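Asker: Numbering (the working numbering), first residue to last: 4 to 288.
Could you have a look at this structure, given as structure tokens, before my questions?
And the structure:
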């Protein structure tokens, strides 16, 4: 009996440059440079602030984070950030859909305006919002020193995250599947919920996570419009600044570490969910 040996599929060769050389990975030097840069820029500051938060021991850390004003500021921050993330999920997805699927005059300008919160200093955004919704509001809507003002300010600075995550994925979505579903009699709502949203879910979740983590650490956009009222509109970043002003760096560091943990847990959880969604979508295809 003749046996036939089946060779495993070959790994696709690396692309070649014009001179015939193959493009390879960064190599040990590149990995070392990247690791060193991340250590200096990210890991060392995080280690420093974590160490500072435990200068008075575990009891000092717990006393700092269990203070009534600290808990209130963290609660306000998290709740407002959740609301902002949910708003961005809806509005960011809609805006991305309009930019990708529709044509209208001024589309390029609108597309450029999406990135304005990235370029505009956040303190300028707070000043503009105060002028618009403050005591001398030209539209007679006074929202300063209220939680809705926090939502508006944070929604402004986090607008691009969901839009820019969803937009490139939406461009790559196979529209033939939507057309096939429509030809079979599926309604627009069915096509949206059963075909489009599942393919966009990982990008939407990633954008929501980025918007949430940006919101919980935001300071400039809320410093003027927020009012900094303890237990009501004081966010964690303002509480941290307050502790630094009264010479309590350990308390400020402790609350900062709590924010870091919240951000890390949220991003890690969303990454897992997004990865599972992507695998499920790939298996369905």
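Glycine included, C-beta positions come from ideal geometry on N, C-alpha and C.
Source: prediction; values computed, not measured.
Going by beta-carbon coordinates alone, are residue 180 and residue 205 separated by less than 9 Å?
Answerer: no
Asker: What did DSSP end up calling residue 282 once you bin it into helix, strand or coil?
Answerer: Correct three-state label for residue 282: helix.
Asker: Under 6 Å Cβ to Cβ from residue 132, same chain only, skipping five residues before and after it: list those, please.
Answerer: Beyond the five residues adjoining it in sequence on each side, residue 132 comes within less than 6 Å, by CB distance, of 156 and 228 in the same chain, given in chain order.
Asker: Whole angstroms are fine: how far does the CA of residue 66 sit from the CA of residue 54?
Answerer: 16 Å
Asker: Ignoring anything shorter than 4 residues or poking outside the stretch 34-109, list the alpha helix (DSSP H) runs there in chain order.
Answerer: 47-56, 60-68 and 71-104
Asker: Let me make sure I understand the geometry here. Which of 267, 70 and 150 has the alpha-carbon closest to that of residue 225?
Answerer: 150
Asker: Measure the CB-CB distance between residue 247 and residue 255 and report whether it falls below 9 Å.
Answerer: Yes, they are a contact pair.
Asker: Entirely within the stretch 115-172 and at least 3 residues each: give me those beta strand (DSSP E) ranges in chain order.
Answerer: none
Asker: How close, in whole Å, do the beta carbons of residue 269 and residue 212 come, if the pair is a contact with beta carbons under 8 Å?
Answerer: Contact holds; Cβ gap of about 6 Å.
Asker: Measuring only the C-alpha atoms, how far is residue 129 from residue 46?
Answerer: 31 Å
Asker: Quick one, which of 177, 265 and 126 has its alpha-carbon nearest residue 201's?
Answerer: With distances taken between Cα atoms, residue 201 lies closest to 177.
Asker: Which one of 239, 82 and 208 has the shortest CA to CA distance from residue 271?
Answerer: 208
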